[in-house]
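Residue numbers (the numbering used here), protein chains in the order written: chain A, 1113 to 1369; chain B, 1122 to 1566.
All residues carry an ideal CB built from backbone N, CA and C; glycine is no exception.
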């Protein structure tokens, strides 16, 4: 009985500590938070995203030049990299992860900003879009991967890759050279030409390269690009989606992570 | 024809898709264009990265990315701090108005077409050692000049006294690195002049942003070696040993810069009797609309930083320069220009009748992407030369270059430069260069 009480006390203390830490790291949105977020934004982000967040920063044009990607327009663009359903806003954690990890090739990882500063910037970015006040984005629930991939599962994944026309953009071998891509038909939400991701080069995958990252990307799609969400196609068939994930990973010789 | 041949060949061999990540970009997992309009030209983000001592703008990252203990260092980590660049001409053709004029070195001033190997190889290592302490070292080998050595090498101490209040560079520095017109960041590469070693006369004009050039004939450094009128110098030197402080204490719109250099126009060492001083200010607008602009001004005050020959020997002179520069960038356009005015003071009275103590120069350049992978560059250069009146030869050149990016770090280019001063035809060798064709390659990794 005594041990049980101690256990409850320990849990309460740990929970309390976690809660207070989280509170300290992620500040509440108030005028001070926004002021500090704005200061950081103008010194770090505005070069590409523009002082008003309209994707028109002085350095932004050169990232993709006449092609995608361009910096995000925080006032009107959808968010590509999310854990939420297609068309939804990202969660705060999605934005935090994005700032922390960066985007390979186009946006540096801002781990040099401390966590509080990253949250302050996020609060400032969200202040431009009133939808963040109205909606409470909910991340999709991602199931745990079943057991390790087998040859059969990867073979099944290949069949799904063909069935769902992934090769039309990504190419037969995943090298981003599908007929739609090579014909230059792919366009992003700004009508700029966009390349299909080379699935044999995980280091360049913008939404992460782990099996879970891939699963999430297939479920959420990348809004504002030709990459759709496959959530409906695979509803109730998550195991099949894992097979597709494993096949995609096999294109680069990557092991399940 | 050369332009067409190079461009069509480039298209034929172009390998789209994979974006390479050379040099600094490896460390931050970014494409070159995150910092460059087109290497070596920097965009606004790249300029602020440079100013912040190779740390992300607005941060004091101290090389946090990829930093490991010494025992865990791998070749990949080393690559995050090291880059190489190979560039130069594989084909060049000179055309002269008058073949081998009097006083010309035999075989130099005559039409020719040469094949070669890209003549400049640079190895540079740079980054941040720890929070707010950065470093840069560049080793350059130039086949044309038969030289190999440390080009620039310095240490930076950043954000002293607060964010962007004071950033210090110590070592062999290029003073104009953060000016609106950076000497070293040109799409039309330097092409050296040709001096007759025995007479010190210019045999063939150099192709260079002439506003940044020495512009004086008959000037010598304190070791007695002739200074080419086409050599980068003073505030626009490629490298001089010294220390400078700069910052933006009042916000992004204003930058100050003050520095002191040995300034004796010598490759290394300090035989100068005094030091040279410079100060610069820069006003910036860089907020939105895919637009940025800046206006800069500098004054460089030399102190016994050159000599001239008199009837009885050498005399020290003070060589000063004043300049203004501006840049405008809008979408694919990058326009930048520099005007300089040089003065040589303390010229002995006996030499004043044969020595023009003032010179000026103007350089204006425009780079623009005409397609996703094709960069068109234009530059106009004018030099109203000063110095020894018997040699003095002013120059105006117009250059055009088409650069085709096979990959983001590999480019082929074709270039044509034309001497615009046809009215000054004469027997001086320096005036005889009519036009030049180049085709070459620029690789950075």
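Would you mind working out which of the options sits nearest residue i, comparing C-alpha positions?
i: residue 1229/A; options: 1222/B, 1198/B and 1181/B; result: 1181/B
i: residue 1236/A; options: 1198/A, 1348/A, 1153/A and 1358/A; result: 1153/A
i: residue 1567/B; options: 1400/B, 1287/B, 1171/B and 1202/B; result: Beyond the ends of chain B as shown, which are 1122 and 1566, falls residue 1567/B; an answer cannot be given.
i: residue 1151/A; options: 1553/B, 1484/B and 1372/B; result: 1372/B
i: residue 1246/A; options: 1252/A, 1171/A and 1238/A; result: 1238/A
i: residue 1461/B; options: 1382/B, 1311/B and 1483/B; result: 1483/B
i: residue 1568/B; options: 1152/B, 1344/B, 1271/B and 1219/B; result: Outside the displayed span of chain B (1122 to 1566) sits residue 1568/B, for which this structure offers no information.
i: residue 1146/B; options: 1215/A, 1357/A and 1204/A; result: 1215/A
i: residue 1150/B; options: 1198/B, 1171/B, 1172/B and 1168/B; result: 1198/B
i: residue 1169/B; options: 1337/A, 1258/A and 1171/A; result: 1171/A
i: residue 1144/A; options: 1231/A, 1206/A and 1166/A; result: 1231/A
i: residue 1288/A; options: 1194/A, 1165/A and 1306/A; result: 1306/A
i: residue 1173/A; options: 1157/B, 1175/B, 1173/B and 1257/B; result: 1157/B
i: residue 1283/B; options: 1496/B, 1214/B, 1253/B and 1361/B; result: 1253/B
i: residue 1416/B; options: 1456/B, 1380/B and 1438/B; result: 1456/B
i: residue 1165/A; options: 1179/A, 1149/A, 1308/A and 1176/A; result: 1149/A
i: residue 1240/A; options: 1156/A, 1267/A, 1188/A and 1225/A; result: 1188/A
i: residue 1427/B; options: 1447/B, 1335/B and 1212/B; result: 1335/B
i: residue 1212/B; options: 1504/B, 1420/B, 1534/B and 1395/B; result: 1534/B
i: residue 1525/B; options: 1346/B, 1503/B and 1494/B; result: 1494/B
i: residue 1379/B; options: 1512/B, 1496/B and 1289/B; result: 1289/B
i: residue 1268/A; options: 1356/A, 1162/A and 1142/A; result: 1356/A
In chain order, what residues of the same chain have a beta carbon less than 8 Å from the beta carbon of residue i, not counting five sequence neighbours either side?
i: residue 1366/A; result: 1314 and 1321
i: residue 1328/A; result: 1195, 1252, 1254, 1319 and 1320
By Cβ distance, which residues of its chain are closer than 7 Å to residue i, with the 5 residues on each side in sequence left out?
i: residue 1408/B; result: none
i: residue 1632/B; result: It is not possible to answer for residue 1632/B, since the shown part of chain B is limited to 1122 through 1566.
i: residue 1292/A; result: 1280, 1281 and 1298
i: residue 1625/B; result: In the structure displayed, chain B extends from 1122 to 1566; residue 1625/B sits before or after that span and is not available.
i: residue 1139/A; result: 1145, 1228, 1231 and 1232
i: residue 1133/A; result: Note that residue 1133/A scores 38 on pLDDT, short of 50, meaning its location in the model is unreliable and no value can be drawn from it.
i: residue 1135/A; result: Here the model assigns residue 1135/A a pLDDT of 39, short of 50, so the residue's position is not dependable, and the following value carries that caveat. Closer than 7 Å at the Cβ level, and outside the excluded window around residue 1135/A, lies no residue.
i: residue 1187/B; result: Since pLDDT at residue 1187/B reaches only 47, below the 50 mark, its modelled position is unreliable, and no value is offered.
Can you name the residues of chain B whose CB is closer than 9 Å to the CB of residue i?
i: residue 1292/A; result: Residues of chain B passing the Cβ test: none, with the nearest at roughly 14 Å.
Give me, in chain order, the residues of the same chain whose beta-carbon lies closer than 6 Å to that of residue i; leave out the 5 immediate sequence neighbours on both sides.
i: residue 1414/B; result: 1406 and 1449
i: residue 1597/B; result: A question about residue 1597/B goes unanswered here, because the residues of chain B that appear run from 1122 up to 1566.
i: residue 1206/A; result: 1194 and 1195
i: residue 1520/B; result: 1309, 1500 and 1538
i: residue 1286/A; result: 1311, 1312 and 1363
i: residue 1214/B; result: 1234 and 1558
i: residue 1334/A; result: 1192
i: residue 1142/B; result: Legend: pLDDT at residue 1142/B = 43, less than 50; position of this residue unreliable, value from coordinates given subsequently. Within the same chain, residue 1142/B has no close Cβ partners at all.
Can you list the residues of chain B that residue i reaches, using a CB-CB cut of under 7 Å?
i: residue 1225/A; result: 1180
i: residue 1155/A; result: 1178 and 1179
i: residue 1164/A; result: 1409
Just to make sure I have the definition right: I need the residues of chain A whose C-beta is within less than 7 Å of the C-beta of residue i. Which are they?
i: residue 1486/B; result: Here the premise fails: no neighbours, minimum Cβ distance about 17 Å.
i: residue 1504/B; result: Residues of chain A passing the Cβ test: none, with the nearest at roughly 31 Å.
i: residue 1250/B; result: By Cβ distance, chain A contributes nothing, its closest Cβ being about 15 Å from residue 1250/B, past 7 Å.
i: residue 1149/B; result: 1220
i: residue 1158/B; result: 1174
i: residue 1169/B; result: 1159
For residue i, return the contacting residues in chain A, with the cut-off set at a CB-CB distance below 8 Å.
i: residue 1450/B; result: 1170
i: residue 1376/B; result: Here the premise fails: no neighbours, minimum Cβ distance about 14 Å.
i: residue 1165/B; result: 1159, 1169, 1170 and 1171
Mind listing the chain B neighbours of residue i? Cutoff is C-beta to C-beta under 8 Å, in chain order.
i: residue 1177/A; result: 1154, 1453, 1490 and 1493
i: residue 1365/A; result: By Cβ distance, chain B contributes nothing, its closest Cβ being about 17 Å from residue 1365/A, past 8 Å.
i: residue 1152/A; result: 1179
Regarding residue i and the ligand PLP, is the C-beta to nearest heavy atom distance less than 7 Å?
i: residue 1157/B; result: Of the ligands one can find in the structure shown there are none, so the ligand PLP has no counterpart to examine.
Quick check: is the beta carbon of residue i nearer than 8 Å to any beta carbon in chain D?
i: residue 1208/A; result: Structure shown: chain D not included; protein chains present are A and B.
Tell me, please, whether the stretch 1367 to 1375 of chain B touches the stretch 1285 to 1304 of chain B by the rule of three or more beta-carbon pairs shorter than 8 Å. yes
Going along the stretch 1190 to 1218 of chain A in order, which residues come within less than 7 Å of chain B, judged by CB to CB distance? 1214, 1216, 1217 and 1218
The stretch 1214 to 1223 of chain A / the stretch 1335 to 1350 of chain A touching (three or more Cβ pairs under 8 Å): no
Interface residues of the stretch 1397 to 1414 of chain B facing chain A [CB-CB below 7 Å]: 1407, 1408, 1409, 1410, 1411, 1412 and 1413
The stretch 1253 to 1267 of chain A / the stretch 1218 to 1225 of chain B touching (three or more Cβ pairs under 8 Å): no
At a Cβ cut of 9 Å, what residues of the stretch 1200 to 1231 of chain B count as close to chain A, listed as they run along the chain? none
Segment contact, 8 Å Cβ cut-off, at least three pairs: the stretch 1255 to 1271 of chain B with the stretch 1237 to 1246 of chain B: yes
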